[in-house]
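Residue numbers (the numbering used here): 49 to 234.
Notes for the one structure printed next.
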């Protein structure tokens with residue numbers, strides 16, 4: 049399974065802004081030494097094997113966040129804010145004003161915009177977005193925290209505050225990822 053390079057490009061911009069170009073360059077030199085894949089030019093359309101992007105995010109957590117893997121959620125939230133907000137490359141997904149349509153139609157399309165594998169299904173009922181990802185080849189906390197953070201922020205960009213509840217977790221050994229986002233008063 050691959051992820052589009054837009055995840056890498058967005059994260060690079062966020063790290064550059066937070067830690068400066070010198071911080072990014074120092075990190076990138078270490079990353080290239082660890083895995084030569086990252087010596088390639090990575091553009092937003094580049095397909096990156098999920099195993100490589102996991103190395104990227106794991107090394108970011110080590111370098112800048114004291115190896116705190118919960119930062120994956122922050123990366124997801126920052127990515128959603130950057131790409132889905134007005135002027136962002138995927139802001140057209142938020143053109144609908146109907147929350148059910150956004151959850152059930154747009155959110156699966158957002159998944160397939162980023163990933164070329166796994167199946168993302170979503171349903172909206174009783175003010176709760178039910179989000180499931182099946183068919184994931186790589187079991188890693190990356191999927192749980194990054195995907196949850198991205199979708200939590202996507203709903204926030206849509207204008208809906210929400211609280212996440214994990215039902216099943218790839219990080220805990222389940223075969224799929226299932227979480228619920230309960231909408232709160234905006």
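Glycine is no exception: its CB is placed at the ideal position from the N, C-alpha and C atoms.
Every value quoted in this text rests on a predicted model; they were computed, and no experiment measured them.
| Asked | Found |
| --- | --- |
| Proximity of residue 189 and residue 212 at Cβ, strictly below 9 Å | no |
| Cβ-based burial, residue 128 [other Cβ within 10 Å; buried from 16] | buried |
| Host alpha helix (DSSP H) of residue 161 (start-end) | 155-162 |
| contact_flag[the stretch 114-133, the stretch 197-206] where n(CB pairs < 8 Å) is 3 or more | yes |
| Chain-order list of residues whose beta-carbon lies under 6 Å from that of residue 168 (same chain, five-residue window excluded) | 156, 159 and 181 |
| Residue 163 versus residue 138: straight-line alpha-carbon distance, rounded | 14 Å |
| Contact belief for residue 117 with residue 197 at Cβ below 8 Å, rounded distance in angstroms | Wrong, their Cβ atoms sit about 12 Å apart, outside the cutoff. |
| Residue environment, residue 166, which counts as buried when at least 16 other CB atoms sit within 10 Å | buried |
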